[in-house]
Every structure is written in C-alpha cells, then in structure tokens.
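Undergrad:
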C-alpha cells in the first residue's frame with residue numbers, strides 16, 4: 021500500500037521568497053511521484069512528475085522537486101514566489117511496480133503568498 | 209485540443225436521490241478516472257475505466273457506479289445519496305493507464 025504525507029496544511033511566504041512544500045511517501049516498490057496544483061474552483065494541473073532517471077525534476081512555472089529515496093521524500097521548491105503561485109498543492113504517489121498507476125494523493129498544502 | 213470537460217458544474221440534490229455526472233475525456237485519451245474531493249482534503253480515487261472496462265476501484269460502496277462509452281466519455285452514478293456525498297467530483301483522463309492524468313474542473317455536488 022502507498023501513502024503520502026504533506027507536512028503543513030498551510031505555508032505562508034512573502035513574494036520573492038523561497039517556496040518549500042514538503043512531501044514524504046510510503047511505497048513498497050519504486051514509486052512514481054507527482055505534484056499537482058489546484059486553483060480555486062478548478063481541477064488539478066500537473067506541475068511535474070518523477071518516474072525514473074534523474075532525481076531532480078523540473079516542472080512548469082519554475083517549480084522543481086527532488087526525489088530522495090533514502091529520505092522517502094519528494095519536496096517541491098521554487099526559488100522566488102510570485103503572487104500567482106497562491107493555490108493548493110497536492111503530492112501524489114503511484115506504485116507502477118505493483119501494477120497500479122493510480123495515484124494516491126496527500127491532503128494538500130495551501131500556499132499563501134504575501135506582497 | 210479540447211481538454212477534459214465535466215457537466216454539470218454544480219448540482220444540488222436531497223438525501224436518497226440519485227445523480228449522474230458526466231465527463232468528456234481529452235481527445236485520444238482512452239482512460240478515465242473519477243475522484244471525490246471533500247472540502248479540505250485531497251482527491252480520493254473512486255474508480256478507473258480503460259477502454260470501456262473497469263480497471264480498478266477505490267474504497268467506495270457499490271452505490272457508486274460508472275460507465276465508459278465507445279468514445280471514451282464517462283459517467284459516474286451515485287444512488288441513495290447521503291449527506292457525506294457532498295464533495296467536488298473530479299474526472300481525469302489519460303492516454304493510457306501509465307500516463308499522467310489530465311483533470312477537468314469538477315462537478316460540485318451538494319446534498320441537502
């Protein structure tokens with residue numbers, strides 16, 4: 021069985037500051053890992069994904085995440101926050117080695133950006 | 209390229225009623241998944257359809273049922289609605305079972 025823990029239901033940063041959203045996962049096989057963003061009254065949009073290969077993954081809107089197997093983590097970062105980054109962010113894991121590509125989502129982290 | 213579209217956008221029902229939600233997948237996508245997202249929670253997997261066959265099911269009772277049509281559009285049916293069924297229902301389509309999912313904007317279902 022797989023699971024995701026997102027540390028912090030809310031993260032508040034100032035515009036221009038570093039964004040760090042934390043995600044730890046549990047998986048019995050090498051996982052696929054995802055970050056999605058959800059703006060109010062909208063569905064989820066894929067920011068980036070890790071399947072195999074390079075552990076540092078670059079996504080859209082300047083976000084990136086690093087897969088650290090030893091720490092079972094996949095934290096999302098962005099060097100400089102913009103007001104438009106304010107949204108809900110979801111980390112997700114799937115177990116392709118176990119035959120399932122269906123992602124399990126975390127509870128989400130709300131990113132608040134102050135001027 | 210048309211994305212994933214869901215209808216209706218909002219719906220109000222009363223306990224015990226039945227509801228059908230619809231999803232048109234993105235062009236060329238043969239896999240559709242449905243999720244329930246309660247307020248303040250992440251999406252919870254309901255079930256997935258791949259080429260008109262159910263390909264997996266989450267921990268939801270049988271009163272949640274679905275269908276995928278030859279054009280890969282899909283329906284989610286919920287019978288005997290309960291207050292706890294109030295949520296945002298999201299549909300996602302993908303090119304295959306192992307491909308990233310593209311989400312629609314959801315249907316907001318409120319049960320009175």
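Protein chains in written order, with our numbering: chain A, 21 to 135; chain B, 209 to 320. Glycine included, every Cβ here is placed at the ideal spot set by N, Cα and C.
#1: Which of helix, strand or coil does DSSP assign to residue 91(A)?
#2: If contact means a Cβ-Cβ distance below 7 Å, which residues of the stretch 290-305 of chain B contact chain A?
#3: With DSSP as the reference, label residue 105(A) as helix, strand or coil.
#4: Considering Cα atoms alone, identify which of 90(A), 59(A), 54(A), 63(A) is closest to residue 77(A).
#5: Just verifying my parser: in three-state terms, what is the DSSP assignment at residue 123(A)?
#6: Comparing alpha-carbon positions, which option in 88(A), 111(A), 131(A) lies nearest residue 104(A)?
#7: Which same chain residues end up closer than 6 Å to residue 121(A) when comparing Cβ atoms and leaving out the 5 residues on each side of it in sequence?
#8: In angstroms with no decimal places, state the Cα-to-Cα distance between residue 214(B) and residue 242(B).
#9: Just confirm the distance between the C-beta atoms of residue 45(A) and residue 51(A), as a whole number of angstroms; I'd bet it's less than 8 Å.
#10: On the criterion of 16 or more Cβ atoms from any shown chain inside 10 Å, does residue 216(B) qualify as buried, or is it exposed?
#11: Answer yes if the stretch 229-242 of chain B comes into contact with the stretch 278-286 of chain B, meaning at least three C-beta pairs across the two stretches below 8 Å, and no otherwise.
#12: Report, in whole angstroms, the separation of the C-beta atoms of residue 112(A) and residue 123(A), which I expect to be a contact under 8 Å.
#13: Could you pull the DSSP bridge partners for residue 38(A) from this structure?
#14: Starting from the Cα of residue 292(B), find the closest Cα among 275(B), 315(B), 245(B), 313(B) and give me that residue.
#15: So for residue 63(A), helix, strand or coil by DSSP?
#16: What does residue 308(B) reach in chain A if we use C-beta pairs closer than 8 Å?
#17: Which residues in the same chain have their Cβ closer than 7 Å to the Cβ of residue 276(B), if we skip the five residues on either side of it in sequence?
#18: Going by beta carbon distance, what residues of the same chain come within less than 8 Å of residue 219(B), once the five residues before and after it are set aside?
#19: For residue 127(A), return the contacting residues in chain B, with the cut-off set at a CB-CB distance below 9 Å.
#20: Among 305(B), 307(B), 301(B), 313(B), whose alpha-carbon lies nearest the alpha-carbon of residue 235(B)?
#21: Ends of the beta strand (DSSP E) at residue 274(B)?
#22: Do the CB positions of residue 62(A) and residue 129(A) come within less than 7 Å of each other?
#23: Could you spell out the range, first to last residue, of the beta strand (DSSP E) harbouring residue 238(B)?
TA: According to the data block:
#1: helix
#2: 298, 305
#3: helix
#4: 54(A)
#5: strand
#6: 131(A)
#7: 114
#8: 11 Å
#9: 6 Å
#10: exposed
#11: yes
#12: 4 Å
#13: Paired residues: none, contrary to the question.
#14: 245(B)
#15: coil
#16: 54, 66, 69
#17: 240, 257, 260, 282
#18: 227, 229, 315, 316, 317, 318
#19: 248, 249, 250
#20: 301(B)
#21: 272-276
#22: no
#23: Per DSSP, residue 238(B) belongs to no beta strand (DSSP E) and is neither H nor E.
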